[in-house]
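Each residue of the sequence shown is one higher than the one before, counting from 1167 in my numbering. Ideal placement from N, C-alpha and C gives every residue a C-beta, glycine not left out. The structure displayed is predicted, hence computed values, not measured ones. These notes concern the structure reproduced below.
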Amino acid sequence: ILAGRDCLGVMPTGAGKSMCYQIPALMFDGITIVVSPLISLMKDQVNSLIQSGVRAAYLNSSLTAAQYEMAISNAARGMYKIIYVAPERLMTGSFLSLASSVKISMLAVDEAHCVSQWGQDFRPSYMKIPEFLGKLPYRPIVSAFTATATAEVKADIIKMLELRDPFTITTGFDRPNLSFQVMHPKNKDTQLLSIVRSNPEECGIVYCNTRSNVEDVCQMLQEADIKALPYHAGMSMNERKQNQEAFIYDRCRVIVATNAFGMGIDKSDVAYVVHYNMPQNIEGYYQEAGRAGRDGSAAKCILLFSGKDYATNKFLIEKSIESSQLEPETAQIIVENKLRQLNAMYGYCNTADCLRGFILKYFGQPYSGYCGNCSNCTGDFVEKNITIEAQKVLSCIAKTKQRFGAKMIADILLGSKNQNIINNGFDSLSTYGLLKDNTRDEVNKIINYLIVKDYVFRTQDKFPILKLNGSSVKILKGKLKVTMRTKKTDTLNKEKVFTVSKSDEYSEEMYDYIRSVRNQLAEEANVPAYVIFSNNSLKDMCIKKPTSLSQIL
């Protein structure tokens, strides 16, 4: 950037993307414009800059008309070095007038994946950025940053933002200190309570896919005497601000939120992130899970999966497109992309392979396939030949003329006596009850495995249907053997521990005491505790026991 080149940086959450454009912004003569999609992110970044002595401002819908005009006036007089702006504001008359009258050294695009229809969060307003640049007296340096992007999305960002011979860097997506776990609990509330209670002194984030889920889960935790607060777009800005600050300053242990929470939140000591529902895509999941362990400490990323999550997300995707007012052709492309991403997320939730490897391969980063720090690598597995069970499933799909979804196929194979089965005469099929000695959970896992491995095709219709493909025929003819790794347990038997010193032996009593001193210092300075020292630093002090200022330094 300092050499004057356009740049594209793909760097995971916590890698320091904002530093990459903030430092050059201070070194350039003119103003840097930062295009950012989220109000909360802008506010946090600007407040942080101001506290660091940097003159900065933001322009978005949270400002009153008078505040907005004052900010524009101050910017015209050269009062700000960095201005954050919502993409919708770029083409307004007042902002175009400002942009034409001051020296803009750089335009930085945050969350750059929003410009791509292949990305997880396409925003049409981002496509106005090249038009805005074209209206300036001269073209400034353009830098673009995102936490998660496939090769397809990276190419699209370069094309749509019209970056000129950009320097591109992908720093690598692996976060070794994070342990990944997928659970298929019978009761999500019970499982969540167990996770939160097993981390009594730590803070965590619980993500839910709807506002009503946020409220219900938060209430459940509060009734269990856990200091939890909600956060979602349906709350007032003041409520969200208060709850966010309570979490950052450790006045509450757990924040229960939709994906509206967390973008740009720089709280480094989050010990665990739990997804109560399966997210819509791996990009969003990895970004949200990556808010754990930003201080380098070992942290947990746990996903609680149920079969209903797929249908709920599919409904939410279709509903969001219906209300988007996009051209039908564009809407169709976006729906197909989002469903493709949803299927990949579904694959992650049902794979028996290394979870870290699954994520890294999705982003095009080669991985050996064993990390020793995910539930699939450390869990207790057995390799099982399920060719006969697979043939029964595929035969049932064929006997019902490939017209039904996974639930109906499972019902027939289990010998269900529900009215739908009887009315359709499926109780007379030769495949009826063929898997009655199995549990529903076992049958569902077999069907899911066949889908994930592309041994059977699932349509992307409103009501997905299972259809046979070339692999299905090979299995039915006995030309392809099907083996599946099955878990003996859904819990981590062991976790890889990351330490900051050769010895991890330290006094818990000393650690608790130093934590109390840190909290007191944080209160006096009115800053979050992790700003004083990270948990890792405190543990290192307990191990090395420095007795002078020079030793502590």
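For the alpha helix (DSSP H) assignment, the uninterrupted runs of no fewer than 4 residues enclosed by the stretch 1269-1336 are, from N- to C-terminal side, 1295-1300 and 1317-1326. For Y1250, the secondary structure class from DSSP, reduced to helix, strand or coil, is strand. L1646: not part of any alpha helix (DSSP H); DSSP gives it neither H nor E.
Non-local C-beta neighbours of S1434 in its own chain, meaning closer than 7 Å and more than five positions away in sequence, comprise R1460, D1461, Y1696 and S1700, ordered along the chain.
At the C-beta level, K1393 and C1374 stay beyond 7 Å of one another.
Sixteen is the threshold: when 16 or more other Cβ atoms of the shown chains lie within 10 Å of the Cβ of L1505, as they do, the residue is buried. Relative to the Cα of Y1438, the nearest Cα in the group V1212, T1649 and V1372 belongs to V1372.
Boundaries of the beta strand (DSSP E) around C1467: A1465 to L1470. The Cβ-Cβ distance between Y1292 and V1308 does not fall below 7 Å.
According to the DSSP assignment, A1191 belongs to no beta strand (DSSP E) but to the alpha helix (DSSP H) extending over K1183 to M1193. Counting C-beta pairs with one atom in each stretch, the stretch 1169-1185 and the stretch 1240-1250 have fewer than three that are closer than 8 Å, which means they do not touch.
Exclusion of the five residues before and after R1289 leaves P1203, P1253 and C1280 as the residues of its chain whose Cβ lies within less than 7 Å of its Cβ. A residue is called buried once 16 or more other Cβ atoms fall within 10 Å of its Cβ, and M1236, having fewer, is exposed.
In this structure L1492 is not in contact with I1483, their Cβ atoms being roughly 13 Å apart against a cut-off of 8 Å. In the DSSP assignment, V1548 is bridged to T1652.
Under the criterion of beta carbons closer than 8 Å, R1606 and L1632 do not qualify as touching, at roughly 16 Å.
T1198 carries a strand assignment under DSSP once its states are collapsed to helix, strand and coil. Under DSSP, H1441 forms a beta bridge with Y1373 and L1469. If you draw a 10 Å sphere on the C-beta of D1678, you find fewer than 16 other C-beta atoms in it, and that means exposed. For the alpha helix (DSSP H) assignment, the uninterrupted runs of no fewer than 4 residues enclosed by the stretch 1526-1591 are, from N- to C-terminal side, 1541-1544, 1553-1565, 1572-1580 and 1585-1589. The residue from K1354, M1349, T1312 and S1345 with its alpha-carbon nearest to that of T1334 is T1312.
Contact between I1698 and R1684 holds, with the beta-carbon distance rounding to 5 Å and staying under 8 Å. Per DSSP, F1481 is one residue of the alpha helix (DSSP H) stretching across K1474 to E1488. I1709: member of the alpha helix (DSSP H) spanning N1701 to K1710, first to last residue. Within its own chain, the residues whose Cβ lies closer than 7 Å to the Cβ of I1487, once the five positions on either side in sequence are excluded, are A1497, I1500 and V1501, listed in chain order.
The stretch 1605-1622 makes contact with the stretch 1572-1587: 3 or more CB pairs, one atom from each, lie closer than 8 Å. With a 10 Å radius around the Cβ and a threshold of 16 neighbouring Cβ atoms, E1449 comes out buried. Judged by beta-carbon spacing, H1441 lies beyond the 7 Å limit of T1424, meaning their Cβ atoms are not closer than that value. Under the three-state reduction of DSSP output, P1396 falls in the strand class.
The continuous alpha helix (DSSP H) containing V1362 extends over residues K1354 to R1363.
Residue pairing by DSSP puts F1623 in a beta bridge opposite K1633. DSSP links C1173 through a beta bridge to S1309 and F1333.
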